[in-house]
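From first to last, the protein sequence lines stand for chains A and B. Read in order, the letters of the first sequence are residues 31 to 200 in my numbering. Read in order, the letters of the second sequence are residues 60 to 258 in my numbering. Note that beta-carbon positions come from the ideal geometry of N, C-alpha and C, so glycine has one too. Structure record follows, encoded as structure tokens.
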Amino acid sequence: MSEQVWPQRLLDALADAGVGLLPYVPDGVLAPVLELAAARPQFTLVPLTREEEGVGIACGAFLGGGRAALLLQTSGMGNSLNAIGSLAMAQRIPLLMVVTERGGLGETVSTQIPFGAALRRVLDAVGICWHEITEPRQVAGVVAGAAQQCFVSRVPVVLLLSARLSLESA
Amino acid sequence: MAATVDRAAALQRLRARLRDELVVAALGNPAYDLFNAGDRPQHFYMWGAMGLAPSVALGVALTAPEATVIALEGDGGLLMNLGSLATIGATAPANLVLVVFDNAAWDLTGGQPTATASSTDLAAVAHGCGIAQTRRVATLDDFDAAMAEALSAPGPWCVVVDTAPTQRDRVKPLVALRRRFVAVDDFIDAAVASAESAT
């Protein structure tokens, strides 16, 4: 089995951006990220009951003087939209989200397809910036740039981890 | 009929007790009554995202462990985000105090009854989520005593307050609050200052 390099690169880039708190709802693609993060003392993992709760926790982390990244899958974006609009956007609190793509290439669960297929248009409609990562070599630069856009310009930003990324070996 | 607490009076009592504590107030009556009791930079007032005040406060508490963080929520809001109790129980931040003003109604929208009017016991739910320091109070003096304890002993705490219906003529400080809703930097400065003063 070939070890993927993108999870480690993602965590390195988040740590470099000053992210310490990682609220999450797990996902098969995120599993290696969660496992690696648990072994690194600069990260605090917070398992959630539902993604919307994580919007509040991540915004609270910024209010407390820190930085968080909310880890979730496509379906969780659907659960979070009004909170992103009425808390993060309305009160100018930066919110960095790492979203694993579902409903796209290779999807086997049909329930993921309606929202997954609409995700990019939904994000555009709400006015949430998003950046897609399709290859491991993009991770460091895109995460650093997205974190700067998010935390300095104080806007919500989605890092969309393409289904292609997890198909890709190192 | 059990005695019930006037939320505005309770928040005046709490306001008089505050020193460096950070307070996250849910939209609507908790925010109005806290603002009317006396604004401070350490107050964060929500204007949307109903139900997320406990989660926002949890994020602050985990990031600023030297500060004491108080969340003010209502029964309608907490019922929208009961999962926050499970997450607070699991993360167990010693510096978090959740105050729930339970008037068994969606008060701002006309007093429609919530599930606490008939069947749900929010203190039992909080206790069942592992928040051992849970109290239910029904008088102003008991609220005061519970908050004195919650602000001096490790938590997480959950204080459920049997709350009277809001009087219709209560002043809503909407215009003054509007400026504070977007002025989050004062709160961040206060949170960072509390961390620095503790080190």
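Throw me the rounded Cβ distance for the residue i and residue j pair, which I believe falls under 8 Å.
i, j, result
"B:L181", "B:V159", "6 Å"
"A:E83", "B:T146", "6 Å"
"A:A47", "A:R97", "7 Å"
"A:L117", "A:V85", "6 Å"
"B:V64", "B:T173", "The pair is not a contact, with the Cβ atoms about 17 Å apart (cut-off 8 Å)."
"A:D42", "A:T130", "The pair is not a contact, with the Cβ atoms about 18 Å apart (cut-off 8 Å)."
"A:V63", "A:L100", "At roughly 13 Å, the Cβ-Cβ gap does not stay under 8 Å, so A:V63 and A:L100 are not in contact."
"A:A120", "B:G107", "6 Å"
"B:V119", "A:G175", "About 27 Å; that fails the 8 Å criterion."
Quick one: is residue i near chain A, going by C-beta distance under 8 Å?
i, result
"B:L140", "It is Asn, not Leu, that sits at residue 140 of chain B in the sequence shown. Yes, B:N140 lies at the interface with chain A (some Cβ there is under 8 Å from its Cβ)."
"B:A250", "yes"
"B:W106", "yes"
"B:I129", "no"
"B:S143", "yes"
"B:V196", "no"
"B:L117", "yes"
"B:V64", "no"
"B:T179", "no"
"B:E111", "According to the sequence shown, residue 111 of chain B is Leu rather than Glu. B:L111 counts as touching chain A."
"B:S114", "yes"
"B:I247", "yes"
"B:L77", "no"
On a Cα-Cα basis, can you pick out the residue from the options that is closest to residue i?
i, options, result
"B:A130", "B:L155, B:A242, B:V64, B:A212", "B:L155"
"A:T192", "A:L60, A:G84, A:I123", "Checking the sequence, you will find Ser at residue 192 of chain A rather than Thr. That would be A:L60, whose Cα lies nearest to the Cα of A:S192."
"B:C217", "B:R229, B:T193, B:G170, B:A123", "B:T193"
"B:L86", "B:M109, B:D244, B:A212", "B:M109"
"B:R66", "B:R74, B:L138, B:P215, B:P89", "B:P89"
"B:T127", "B:V220, B:L141, B:D201, B:G214", "B:G214"
"A:L51", "A:R167, A:V139, A:Q121, A:L78", "A:L78"
"B:F103", "B:I190, B:S211, B:F240, B:S256", "B:F240"
"A:V182", "A:L75, A:L125, A:I87", "A:L125"
"B:P100", "B:L236, B:A185, B:D245, B:A183", "B:D245"
"A:E81", "A:A67, A:L66, A:S110", "A:S110"
"B:F202", "B:D98, B:A176, B:S178, B:V219", "B:V219"
"B:G169", "B:V82, B:R238, B:P224", "B:P224"
"A:Q142", "A:V169, A:R167, A:M107", "A:M107"
"A:P186", "A:E65, A:E137, A:L153, A:L75", "A:L153"
Of all Cβ atoms in chain B, is any one closer than 8 Å to the Cβ of residue i?
i, result
"A:C180", "no"
"A:S110", "no"
"A:I87", "yes"
"A:E83", "yes"
"A:R80", "yes"
"A:L117", "yes"
"A:P77", "yes"
"A:Q142", "no"
"A:R122", "yes"
"A:A47", "no"
Measuring CB to CB, does residue i end up less than 8 Å from residue j?
i, j, result
"A:I158", "A:L190", "no"
"B:L30", "B:D92", "Residue 30 of chain B lies beyond the residue range present for chain B, which begins at 60 and ends at 258; the question has no answer from this structure."
"A:L195", "A:E165", "yes"
"B:L144", "B:C188", "yes"
"A:G95", "B:A254", "yes"
"B:L210", "B:E125", "no"
"A:W160", "A:V188", "yes"
"B:P113", "B:L77", "no"
"A:I123", "A:F73", "no"
"B:D161", "B:D221", "yes"
"B:N140", "B:P232", "no"
"A:P53", "A:A88", "yes"
"B:A164", "B:A183", "no"
"A:R132", "A:Q103", "yes"
"B:N105", "B:A123", "As written in the sequence, residue 105 of chain B is Met, which differs from the Asn given in the question. Contact flag unset, no."
Name the DSSP bridge partner or partners of residue i?
i, result
"B:G133", "B:F160"
"B:V220", "B:F160, B:V196"
"A:Q75", "Residue identity check: residue 75 of chain A is Leu in the sequence provided, not Gln. A:L75 is bridged to A:L52."
"B:Y104", "B:A84"
"A:C159", "A:V187"
"B:M206", "Its beta-bridge partners do not exist; DSSP assigns none."
"A:L100", "A:M127"
Hey, is residue i close to the ligand NAD, as in C-beta under 7 Å from one of its heavy atoms?
i, result
"A:D57", "As presented, the structure is devoid of all ligands, the ligand NAD included, so that no description of it is given."
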